[in-house]
Ligand SMILES: [Zn+2]
Ligand SMILES: [Zn+2]
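In this note's numbering, the protein residues as written are 93 to 454.
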């Protein structure tokens with residue numbers, strides 16, 4: 093009975109959900125993020141879980157209430173985007189799908205971010221990045237750089253979960269060293285095999301994942317990195333004149349992505365430590381996230397969507413570094429003329445060739 097009570101108190105070290113003991117597996121499992129831990133692992137981790145003291149809790153409560161009072165949330169009826177802005181900044185259209193924003197409501201205090209990375213790039217600089225990118229891309233649609241389109245460029249704080257992960261990793265591999273030499277009339281090949289084992293506790297810092305469903309994950313990964321050193325504890329004034337997307341994915345929902353990146357990074361690290369072999373084949377690898385700490389942070393992105401036909405193209409400029417990411421809308425008419433031109437040139441060349449061949453035959 094005692095043990096049962098104890099097990100109920102365990103929180104998932106990766107997402108904070110309640111852990112349940114699965115007797116058949118003899119493991120503590122989290123049904124939110126699917127992490128599993130042995131009893132011994134849990135005892136080791138439990139000691140590290142800090143308690144938030146009462147005073148801190150009270151302060152947090154007050155900050156959340158202030159945030160709720162000073163923030164409006166706009167809900168787009170067409171695409172479902174939920175956009176937050178301070179009470180003095182009104183959203184008149186949806187930054188994502190360009191439809192007029194209809195519903196205005198209140199935001200709950202729990203959406204108050206812990207940190208914000210303030211914009212370093214102003215609007216003019218972001219527009220300049222866009223112009224630079226467009227140079228030489230003559231097949232972009234004509235209205236791509238129109239005033240009406242540029243106006244859609246929005247300073248958007250994207251809700252990010254920035255994580256630190258403790259990873260326990262073990263990898264077994266077979267390393268081969270091959271040596272060949274010649275002696276007399278014989279050529280010798282010597283192959284030596286080494287059983288390699290690597291065990292490591294990897295501490296990953298600042299692994300980000302955005303918490304907005306309809307912002308493309310790949311786009312947000314491409315716009316990285318951000319320098320978190322410049323992040324500030326959240327204060328309302330940073331929001332002034334900008335918009336922030338409200339997160340709709342909690343830590344458990346984002347965890348699979350964080351886990352994948354953490355596992356990949358640890359895997360690379362272990363592999364890179366096996367140097368000096370002709371070949372390496374990994375026979376087994378066990379990489380597990382033991383603890384994840386989460387910071388809810390707003391990161392600055394100049395965001396623009398462009399509608400062409402029925403497709404929405406997304407563009408992002410890192411609001412800190414100016415890095416530009418986007419996929420290209422192609423003007424098929426312009427491209428059509430281009431290939432028609434090529435076709436014509438090819439036909440002419442073929443005619444000329446025939447002419448000369450014919451000429452040679454005479
Ligand atoms: Zn969990
Ligand atoms: Zn929308």
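From the three backbone atoms N, C-alpha and C, an ideal C-beta is built for every residue, glycine too. Just so it is clear, the structure is predicted and the values come from calculations on it, not from any experiment.
CA-to-CA distance, residue j to residue i, given in whole angstroms
i	j	result
residue 361	residue 235	46 angstroms
residue 129	residue 212	42 angstroms
residue 184	residue 198	16 angstroms
residue 336	residue 355	30 angstroms
residue 316	residue 280	50 angstroms
residue 133	residue 350	20 angstroms
residue 411	residue 208	12 angstroms
residue 334	residue 131	47 angstroms
residue 174	residue 293	39 angstroms
residue 164	residue 203	12 angstroms
residue 284	residue 374	16 angstroms
residue 243	residue 305	24 angstroms
residue 226	residue 331	29 angstroms
residue 102	residue 259	19 angstroms
residue 372	residue 126	31 angstroms
residue 320	residue 217	21 angstroms
residue 169	residue 338	15 angstroms
residue 146	residue 388	21 angstroms
residue 282	residue 265	19 angstroms
residue 194	residue 379	47 angstroms
residue 171	residue 159	25 angstroms
residue 214	residue 222	13 angstroms
residue 287	residue 276	33 angstroms
residue 369	residue 267	6 angstroms
residue 419	residue 232	11 angstroms
residue 403	residue 269	53 angstroms
residue 308	residue 253	15 angstroms
residue 149	residue 157	12 angstroms
residue 299	residue 318	10 angstroms
residue 224	residue 291	47 angstroms
residue 456	residue 417	Outside the displayed range of the chain (93 to 454) lies residue 456, so it cannot be described from this structure.
residue 151	residue 220	42 angstroms
residue 107	residue 366	32 angstroms
residue 228	residue 382	49 angstroms
residue 310	residue 117	36 angstroms
residue 192	residue 400	18 angstroms
residue 105	residue 180	39 angstroms
residue 109	residue 241	44 angstroms
Nearest candidate by alpha-carbon position, reference residue i, set the options
i	options	result
residue 376	289, 230 and 385	289
residue 210	249, 343, 166 and 388	249
residue 111	231, 118 and 123	123
residue 409	342, 348 and 313	313
residue 187	107, 396, 353 and 154	396
residue 166	182, 154 and 318	182
residue 256	195, 343, 308 and 273	343
residue 295	109, 118, 385 and 113	385
residue 326	105, 196, 206 and 381	206
residue 189	116, 136 and 246	246
residue 358	262, 219, 151 and 240	262
residue 413	394, 398, 403 and 400	394
residue 398	238, 323 and 156	238
residue 178	220, 108 and 196	196
residue 455	180, 297 and 392	With the chain represented from 93 up to 454, any question about residue 455 goes unanswered, as that position is not in the structure.
residue 323	104, 113 and 390	390
residue 162	240, 191, 329 and 271	329
residue 341	400, 401, 271 and 303	303
residue 176	201, 154, 155 and 240	201
Check: residue i C-beta below 6 angstroms from any heavy atom of ligand 3
i	result
residue 323	In the structure on display, ligand 3 does not appear, and the ligands it does have are ligand 1 and ligand 2.
Residue i, enclosing beta strand (DSSP E) - first and last residue
i	result
residue 146	Note, residue 146: premise wrong, no beta strand (DSSP E); alpha helix (DSSP H) at 146-162.
residue 121	119-122
residue 112	111-114
residue 336	335-337
residue 126	Residue 126 -> no beta strand (DSSP E), and no H or E assigned at all.
residue 416	416-418
residue 319	From DSSP, residue 319 is part of no beta strand (DSSP E); its letter is neither H nor E.
residue 176	174-178
Span of the alpha helix (DSSP H) around residue i
i	result
residue 506	This structure cannot speak to residue 506, because the chain is shown only from 93 to 454.
Q: Specify which residues have a beta carbon nearer than 6 angstroms to any heavy atom of ligand 2, listing them in chain order.
A: What you get when you keep residues with a C-beta closer than 6 angstroms to any heavy atom of ligand 2 is 168, 170, 171, 173, 186, 188, 189 and 191.
Q: Report the residue ranges of all beta strand (DSSP E) runs contained in full by the region 182-209; include only those spanning at least 3 residues, in chain order.
A: Within the region 182-209, the complete beta strand (DSSP E) runs of at least 3 residues are 195-198.
Q.
If we require 4 or more residues per run, which alpha helix (DSSP H) segments fall completely within the region 341-405?
A. DSSP runs (the alpha helix (DSSP H)) wholly in the region 341-405: 343-364.
Q. Got a list of residues with beta-carbon closer than 6 angstroms to any non-hydrogen atom of ligand 1, in chain order?
A. In chain order, the qualifying residues are 104, 106, 107, 109, 122, 124, 125, 127 and 344.
Q | 3 or more residues per run - each beta strand (DSSP E) lying fully within the region 230-316 | A | For the region 230-316, whole beta strand (DSSP E) runs of length 3 or above, ordered along the chain, are 246-275 and 278-302.
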